[in-house]
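To keep things clear, I will list the structure first and then write my remarks on it.
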Amino acid sequence: MDYDEYMKKENERRSIAIDHLKNGVEFVDINSAYIDPQVKIGAGTVIGPCVTLEGATVIGEGCHIFQNTRIQDSEIGDGVEIQSSVIIESSVGKDTKVGPFAYLRPGSHIGEACKVGDFVEVKNSNFGDGSKTAHLTYIGDADVGKNVNIGCGVVFVNYDGTNKYRSTVGNGAFIGCNTNLVSPVNVEDGAYIAAGSTVTKNVPEDALCIARSKQRNIEGWAAARGLYNKKDK
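Going by the numbering used here, the first residue of the sequence shown is number 777, and it counts up by one from there.
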């Protein structure tokens, strides 16, 4: 790209940002915003530094899109906060918080008043109103109901090496930390999954699922193998 072509693109980019500014959009640094021509942004929304909005993206009113966020061909509802995250071909309902460092892959539909936190990846899934997954979780090919809590380190195990499968989590369910949901499984309304479980069968409504081996302590095991010597303390 030569200098003249570069400056033409820069002027076009700045002109697009200024048009949004005139329509009530706020910019932390208007010179670092990259917005495609067809993008729509509601009044009162704040765009942070180094934000990229691509394709047919629609941003609602009163949103805060923090720095280093990329959104492509997605619909973002009113009052949404997105921190340093990537959203592609997906939707986010109003008053939801996303990030930092979340990744919504194509086909992800996040409801209203949800939390999708740091290092959470969602792919081809529905996430109901009021549901929360705060950190370090993978939700793939799943339908998650309303007001569900998904703990840290939960994985929807959706791929067996050949085929991908879908799982369902009902309204008000609680998925404990470090749980593996081996698809296809259904966790019904109000069910609880104990932390550290690997779930391979359906969980009935209001049930507690504990899918882990019982702890057993073998006294003196390390010392008998010369792995630990009290004198070294």
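Here a beta-carbon is modelled for each residue, glycine too, at the ideal position from N, C-alpha and C.
The C-beta of T938 has fewer than 16 other C-beta atoms within 10 Å across all chains shown, which makes the residue exposed.
With respect to E888, G853 sits close: the two C-beta atoms are nearer than 8 Å.
If you draw a straight line from the Cα of G966 to the Cα of I915, it comes to about 19 Å.
Counting only runs of 3 or more residues that sit fully inside the region 829-902, the beta strand (DSSP E) segments are 846-848, 862-864, 891-899, in chain order. A direct Cα-to-Cα measurement between V975 and R789 gives close to 50 Å. In terms of Cβ geometry, K891 and K908 form a close pair [threshold 8 Å].
Excluding five sequence positions before and after L880, the CB atoms of its chain that fall closer than 6 Å to its own CB belong to I863, S866, V898, given in chain order. Distance from the CA atom of A987 to the CA atom of G927, rounded to whole angstroms, is 16 Å.
By the neighbour-count definition (other C-beta atoms within 10 Å, threshold 16), S973 is a buried residue.
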